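Reading through the structure tokens given below for one structure.
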Amino acid sequence: MKPNLNSKLRNVGVTIFTKMSALAAEHNAINLGQGFPDYPMDKSLIDLVSHAMASGHNQYVHMCGLPLLRERISEKVNKAYLSTVHPDAEITITPGGTYAIYTALTTIIGPGDEVIVFEPAYDSYIPNIEINGGISVCIPLQFPDYKIDWNLVREKISKRTKAILINSPHNPSGSVLESEDIEQLKSIVADTGIFIISDEVYEHLIFEQKEHLSILRYPELFERSFVCFSFGKVYHCTGWKLGYCIAPAVLMSEFRKVHQFNCFTCNSPTQHALADFLKNESHYLNLGSFLQKKRDYFMSLMKETKFEALPSFGSYFQLYRYNNISNENENDFSIWLTQEAGVATIPVSAFYSKPSDNKVLRFCFAKKEQTLEYAANRLMKFSQNN
Ligand code: PMP
Ligand code: GLN
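In terms of our numbering, the sequence shown opens at residue -3 and continues consecutively.
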């Protein structure tokens, strides 16, 4: 008799990032699809990892993460977001931001619980909810600026609403939450038992002098929140898969019950290295302008094409409309663009649970200038602006 495999994620295939990266490799295309930098990370951080390994930091660290790293994180966030996060009780180091979000959802979601998700949504959110027996209640962000329609949120709140999942700066649109959004969120959750999961992996990748409004800034929101971060995004090392979750002590102690029987603890030498590296603030303070320069450079090159830029205030993604180039749907056009023009992107329809087609593609500009130039030159060849 065959084993009875009853899929928990019946409707899920391989992620769009995996698919487009494989297609890019197959066609020797420039990969502006999956979000990762192609420039080197800081050499001194690499040296600190080697040093940590050579010094014998190769065994398990504390289940919640290296205490010194948690201390450094608390110093950093308390300064940046005027919060009072406690390193022992309120921070847990995780193998990446995705895992932090998954663990937060697993901590609170049971069968039939509803979670409000804004679409386009990062691809892991809905499967993470559904694998826990939860129901995703999807609310579209308003096209083309991808703002939240808070009246719609009020309509969608029900007795079963367990959590609202927010993401700012937002992947894929680059929209950011403003203080009016925070006020709306405060008034919606006040006097309810609703949790907030806040995906802030792009916290420092924010442009045009905008300020990142971390949930950590607002005690009345933080008391019900799991706030998730990623070292990969901030230190140009997505392959390290290291991040952390911050939550009030009572929520964090439940989060840790899940974490301790899943990952238990994360990679040790990288935690030692980051604890040392975090002494220096200049890295993350300069990150916004570093990436804005890349975005601006890419946009200046793309002006020569018929692609039309949508506003982007953060993350390392820029959306472009192509409705005056092709009538093909986003999926087909992104495949065609990879195969024929040699540039891989991500169709924004991949971030929706229902069919959608605004003729918009996501481009990752966290790349060397030369990579951006090569990509723009290829795109110019068939869509030059006359
Ligand atoms: N959330 C968003 C919105 C992301 O774009 C990503 C991936 N870049 C993550 C979470 C996951 O980060 P990590 O690689 O640290 O798991
Ligand atoms: N977060 C990255 C992106 O949006 C991809 C991470 C992944 O491949 N899962 O491109």
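For glycine and all other residues, C-beta sits at the position ideal for the given N, C-alpha and C. Note that the coordinates shown come from a computational prediction; the quantities given were computed from them, not determined experimentally.
Here DSSP, grouped into helix, strand and coil, assigns residue 229 to helix. If you look at residue 158, you'll find it in the beta strand (DSSP E) that goes 157 to 163.
Distance from the C-beta of residue 13 to the nearest heavy atom of the ligand GLN is below 7 angstroms. Considering only 274, 0, 354, the residue with the shortest C-alpha distance to residue 304 is 354. A check of alpha carbon separations from residue 185 across 202, 160, 171, 172 identifies 160 as the nearest. For residue 113, the CB stays at least 7 angstroms from every heavy atom of the ligand PMP. For residue 140 and residue 306, the gap between their C-alpha atoms comes out near 7 angstroms. The criterion of a C-beta distance shorter than 8 angstroms is satisfied by residue 293 and residue 365. Leaving aside the five residues that flank residue 272 on each side, the residues in its chain whose CB is nearer than 6 angstroms to its CB run, in chain order, 44. Placement of the Cβ of residue 94 at a distance of less than 7 angstroms from at least one heavy atom of the ligand PMP is found.
Distances from the CA of residue 228 to each of 19, 37, -2 were compared; the closest alpha carbon is that of 37. In the three-state reduction of the DSSP assignment, residue 238 falls in the coil class, being assigned neither a helical nor a strand state.
Its chain contains 74 as the residues whose beta carbon lies nearer than 7 angstroms to that of residue 80, once the 5 sequence neighbours on both sides are disregarded; these appear in chain order. Sequence-distant Cβ neighbours of residue 33 in its own chain, meaning closer than 6 angstroms and more than five residues away, are 232, 362.
For residue 366, the uninterrupted alpha helix (DSSP H) segment begins and ends at 365 to 379. The region 86 to 97 and the region 145 to 153 do not touch, with fewer than 3 CB-CB distances between them shorter than 8 angstroms. When the five nearest sequence neighbours on each side are left out, no beta carbon in the same chain lies closer than 6 angstroms to the beta carbon of residue 350.
With a threshold of 7 angstroms, the Cβ atom of residue 258 does not count as near the ligand PMP, since no heavy atom of the ligand is closer than that.
Shortest Cα-Cα distance from residue 50 to any of 285, 295, 298, 265 involves 265.
In the three-state scheme derived from DSSP, where H, G and I count as helix and E and B as strand, residue 329 is classed as helix. In this structure, 135 is the residue among 24, 135, 13 with its C-alpha nearest to the C-alpha of residue 348.
For the pair residue -2 and residue 8, the Cα-to-Cα distance works out to about 22 angstroms.
Per DSSP, residue 136 is one residue of the beta strand (DSSP E) stretching across 131 to 136. Per DSSP, reduced to three states, the secondary structure at residue 126 is helical.
Going by beta carbons, residue 26 and residue 338 fall inside the 8 angstroms limit. Relative to residue 298, the option among 267, 378, 10 whose CA is nearest is 378. Non-local C-beta neighbours of residue 245 in its own chain, meaning closer than 8 angstroms and more than five positions away in sequence, comprise 82, 85, 86, ordered along the chain. The C-alpha of residue 373 lies about 33 angstroms from the C-alpha of residue 226. For residue 201, the three-state secondary structure derived from DSSP is coil. No Cβ-Cβ contact shorter than 8 angstroms links residue 274 with residue 66.
Annotation for residue 130: 105, 109, 111 place their beta carbon closer than 6 angstroms to its own, counting only its chain and skipping 5 residues before and after. DSSP places residue 42 in the helix class (H, G or I) of the three-state scheme.
Counting only the Cα atoms, residue 263 lies some 19 angstroms from residue 242. Nearest C-alpha to residue 100 among 128, 78, 117, 217: 128.
In its chain, beyond the 5 residues on either side, 172, 173 have a beta carbon closer than 6 angstroms to the beta carbon of residue 164. Listed in chain order, the non-local C-beta contacts of residue 77 below 7 angstroms within the same chain comprise 210, 212, 213, local neighbours out to five positions each way being set aside.
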